[in-house]
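In my numbering, the protein residues as written are 12 to 392. Note that CB positions come from ideal geometry on N, CA and C, so glycine has one too. These numbers were taken from a predicted model, which means no experiment stands behind them. Working notes for the structure below.
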Ligand code: UDP
């Protein structure tokens with residue numbers, strides 16, 4: 012046979028709204044690359060009611076395979092373990108049917124681990140985005156590093172993350188520093204317009220607290236303290252609902268009992284335009300979401316943020332973030348005061364320049380997914 016080589020099939024695994032927001036620019040860049048064909052595997056929390064965020068994936072890219080993992084109402088670590096098992100099995104079926112040349116996963120969640128495990132055990136080249144990050148307070152750091160060890164190509168978001176990946180014994184020639192795709196498209200985001208902003212209650216503080224793997228009562232206590240701290244500053248606030256992790260119900264209960272305005276989820280474009288509006292109007296982001304460190308620090312101007320508790324500990328951050336290690340209303344209030352005093356014109360993000368998607372697509376096209384030196388992993392020493 013002669014002629015141009017067939018495009019490589021790249022199956023991107025997406026399991027949650029959070030990671031889909033980061034994967035979307037990668038998926039767009041893969042779709043736009045003439046040497047690559049995009050396939051989508053939608054799984055995990057995307058498929059759960061009530062948010063059913065798989066619809067966002069379907070609208071933007073279509074869906075090639077669905078893999079059910081978690082079950083509605085079954086939240087907890089052992090439920091996650093069972094979901095992982097279902098995910099590995101379902102992912103193997105999807106991979107068998109779609110026959111991708113690459114499987115791409117991002118982050119540290121069970122959905123990414125299921126995709127990496129099925130692909131890697133199944134002998135398919137696996138690429139991992141955002142490996143090597145640390146977030147010391149998250150129970151699932153083991154999963155991020157396990158995904159690194161299962162993966163063949165590492166697309167690191169920062170220099171420090173790339174260094175950690177090689178320290179784990181991965182070969183430097185299989186590690187690329189691409190920057191974080193969370194920054195892609197950020198510089199064309201416009202601040203939310205007055206009508207949409209008013210519909211959200213014109214918040215000056217956006218609160219996004221995720222559980223950190225404890226029981227509901229402990230999570231409820233922390234979120235309550237945070238909301239009391241924000242309320243004591245007399246700031247109009249909006250709370251977003253947390254991820255589907257153990258302790259979620261506790262966070263939700265605290266939000267409900269506080270009476271603060273809350274919504275389940277904003278599609279990423281609206282979410283970013285809200286961050287941009289808050290940045291312009293000297294608002295503040297409060298909670299323990301990665302977006303305080305990644306997106307908020309890269310906006311121009313940057314958005315001041317208060318990062319609470321251990322969830323993001325150890326992760327690189329710019330000077331837009333004030334950390335409150337003590338989870339009390341008082342500590343949160345004084346951290347908000349400190350955040351308002353930051354010189355936001357001097358913030359420099361460690362997460363790249365907003366062109367990660369195209370770099371990732373270029374790497375997938377340039378590296379031969381059948382190269383035995385790639386597929387037969389050996390510790391680099
Ligand atoms: N996000 C969104 N809409 C929301 C909340 C979050 O689009 O209502 C996206 C946003 O892209 C953000 C990402 O989710 O950057 C990660 O935030 P989240 O706090 O959900 O996750 P974490 O990475 O801290 O687990």
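Is it the case that the Cβ atoms of residue i and residue j are separated by a distance below 8 Å?
i, j, result
"residue 390", "residue 322", "no"
"residue 133", "residue 52", "no"
"residue 128", "residue 106", "no"
"residue 17", "residue 111", "no"
"residue 240", "residue 384", "no"
"residue 294", "residue 215", "yes"
"residue 243", "residue 103", "no"
"residue 261", "residue 229", "yes"
"residue 156", "residue 136", "no"
"residue 23", "residue 38", "yes"
"residue 166", "residue 187", "yes"
"residue 192", "residue 371", "yes"
"residue 369", "residue 40", "yes"
"residue 88", "residue 30", "no"
"residue 277", "residue 289", "no"
"residue 363", "residue 194", "yes"
"residue 113", "residue 249", "no"
"residue 212", "residue 123", "no"
"residue 86", "residue 259", "yes"
"residue 351", "residue 315", "yes"
"residue 200", "residue 283", "yes"
Looking at the unbroken alpha helix (DSSP H) that takes in residue i, where does it start and where does it end?
i, result
"residue 318", "Where residue 318 is concerned, there is no enclosing alpha helix (DSSP H), although the beta strand (DSSP E) it sits in stretches over 315–319."
"residue 371", "367–377"
"residue 194", "Per DSSP, residue 194 belongs to no alpha helix (DSSP H) and is neither H nor E."
"residue 158", "152–161"
"residue 234", "227–243"
"residue 90", "88–109"
"residue 309", "306–309"
Please find out if some non-hydrogen atom of the ligand UDP comes closer than 7 Å to the beta-carbon of residue i.
i, result
"residue 251", "yes"
"residue 72", "no"
"residue 191", "no"
"residue 32", "yes"
"residue 306", "yes"
"residue 301", "yes"
"residue 29", "yes"
"residue 254", "yes"
"residue 279", "yes"
"residue 141", "no"
"residue 334", "no"
"residue 117", "no"
"residue 276", "yes"
"residue 314", "no"
"residue 44", "no"
"residue 386", "no"
At which residues does the beta strand (DSSP E) containing residue i begin and terminate?
i, result
"residue 249", "248–251"
"residue 47", "47–54"
"residue 295", "295–298"
"residue 334", "332–335"
Please check the pair residue i and residue j, which I expect to be a contact at CB under 8 Å, by giving their CB distance rounded to whole angstroms.
i, j, result
"residue 109", "residue 75", "6 Å"
"residue 256", "residue 224", "7 Å"
"residue 332", "residue 349", "Incorrect: roughly 10 Å between the Cβ atoms, too far for contact."
"residue 320", "residue 336", "7 Å"
"residue 375", "residue 47", "6 Å"
"residue 231", "residue 272", "That pair is no contact at about 18 Å."
"residue 291", "residue 202", "5 Å"
"residue 78", "residue 98", "6 Å"
"residue 361", "residue 329", "7 Å"
"residue 144", "residue 168", "7 Å"
Within the present structure, is the beta-carbon of residue i separated from the nearest heavy atom of the ligand GDP by less than 7 Å?
i, result
"residue 156", "This structure does not include the ligand GDP; its bound ligands are the ligand UDP."
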